[in-house]
Amino acid sequence: MAITMRRFTADAGSSKVASLDATPTADPASVLLWVDLTGEDLPDFGETAAALGLRTAQLEFLRGDRSRLPIPAASAESVAAVLHRVSTTASESTQDTRFRFSELRLLAVDGLVVTVQAVETGQDTLDLQALLESARSSHSRSSVSSSEAVASLVGAVLREYPAALDELENAIETMEGILFQEARLDAVLSHRIYQLLQKVHRFDWALRPLESVATDRAAAAAESDAAGEASSSWADLIMRTRRMRDRVELQRSHLENAVGLHSTLLTIEQNDATRRLADASYAQGEQSKKISGWAAILFAPTLIASIYGMNFRHMPELTWFWGYPLAVALMVGLSLTLWTVFKRRHWL
């Protein structure tokens, strides 16, 4: 996109300006000169900026070297702001909606408006001619001032937000459905919640400059002689911007509640898993005690039988008449004694 300059006159006319020495004051009938360019045109903008009488600080602001440009006095015709446009694209791989924000640097002084559009891939540039024609038709005067041009530009940027916020609300509702209905507590859901929360913060960050510009220009218009239609336009923009920010704040509240609920459900699930593990360990311990108890009970008669089975030559018990019954009684008695001990200790 090449550098576009268009002059708007008091008789409702407009014409494209080609010469670099055309300034807002060069033509007595000129009311507004609008210069529009993209980030790719900035390297070639130096000569045009010099012809327009822009200061070094103003040129640095348009190039992005400065994030802010102070306005020395409150004036409805003087604006320096970085606005943020928003567009949505559907991701083919994940079926999610992607939000793209692009900068729109705006500089307005008496009779001159300069816009630098940093257009993302797949995003259309703003039709400034249509915006100014719309601004002119919405006022009783045929001419358009810098303040009215800026108001129409802010309004155009604001009109991109409702559809994007609708997509964001749909994404949040889908996430809440997964959280409440399916109760899936996995890493993917956690990442999705924090990703949506990050997008909400991004929307709030993008809307702040719009509200700031509208608030400052409304205050400046109220103090100047231009109060009336201009003040009404800025008041309407303030109301629309705050309505958008209220929607963003509501979405932020939903997501923060979802984060809290997700953390609670995750804690409950972890506690249940810990309890199940403890129950399994307890049951395993009980089984181990039973096995150990019966092993001890069976070991006693086995030991006695092993001793008698050695058949030593000098074992008088082998020749006793009561030797065999005594050995059996000893086995049974010792086993019963061990069984009683383990039973009292709840091992069996």
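Residues in the sequence shown are numbered from 994 upward in steps of one, following my numbering. Backbone N, C-alpha and C fix where the C-beta goes; we use that ideal spot for every residue, glycine too. Treat the numbers as computed from the prediction; the structure is a model and nothing was measured.
For residue 1231, which option in 1144, 1043 and 1010 has the closest C-alpha, if you only look at C-alpha atoms?
-> It is 1144 whose Cα lies nearest to the Cα of residue 1231.
Going by the beta-carbon positions, is the gap between residue 1090 and residue 1101 smaller than 8 Å?
-> Contact: no.
Contact under 8 Å by Cβ, residue 1149 with residue 1125 | No, the pair does not count as a contact, with Cβ atoms beyond the cut-off.
Can you give, in chain order, each stretch of the beta strand (DSSP E) that sits fully within the segment 1069 to 1109 and has at least 3 residues?
-> Look at the segment 1069 to 1109 and you find these whole runs of beta strand (DSSP E), each 3 residues long or longer: 1072 to 1083 and 1090 to 1102.
With a CB to CB cut of under 6 Å and the five nearest residues on each side skipped, what residues in its chain are close to residue 1160?
-> These residues qualify, in order along the chain: 1081 and 1090.
Residue 1071: buried (16+ other C-beta within 10 angstroms of its C-beta) or exposed?
-> Per the 10 Å Cβ criterion, buried.
Residue 1330 in three-state terms, based on DSSP | Here residue 1330 sits in helix by DSSP.
Whole-angstrom distance between residue 1210 and residue 1242, CA atom to CA atom = Spanning the alpha carbons of residue 1242 and residue 1210 requires a straight line of approximately 24 Å.
The segment 1101 to 1110 touching the segment 1030 to 1048, judged by at least three CB pairs closer than 8 Å = With the cut-off at 8 Å, the segment 1101 to 1110 and the segment 1030 to 1048 touch.
Between residue 1298 and residue 1322, what straight-line distance do the alpha-carbon atoms span, to the nearest angstrom?
-> A straight line joining the alpha-carbon of residue 1298 with that of residue 1322 spans about 12 Å.
Just how far apart, CA to CA, sit residue 1234 and residue 1273?
-> Roughly 58 Å between the two C-alpha positions.
8 Å CB neighbourhood of residue 1037 in its chain, flanking five on each side removed | For residue 1037, where only same-chain residues beyond five positions count, the Cβ hits under 8 Å are 996.
Run the CB neighbour count on residue 1281, radius 10 Å, all protein chains shown included, and call it buried at 16 or more, exposed below.
-> Exposed, because fewer than 16 other Cβ atoms sit within 10 Å of the Cβ of residue 1281.
Since residue 1151 contacts residue 1237 with CB under 8 Å, what's their CB separation in whole angstroms?
-> Residue 1151 to residue 1237, Cβ: 7 Å. Contact.
Residue 1079 beta carbon less than 8 Å from that of residue 1092 = Against a cut-off of 8 Å, the Cβ pair of residue 1079 and residue 1092 comes out as a contact.
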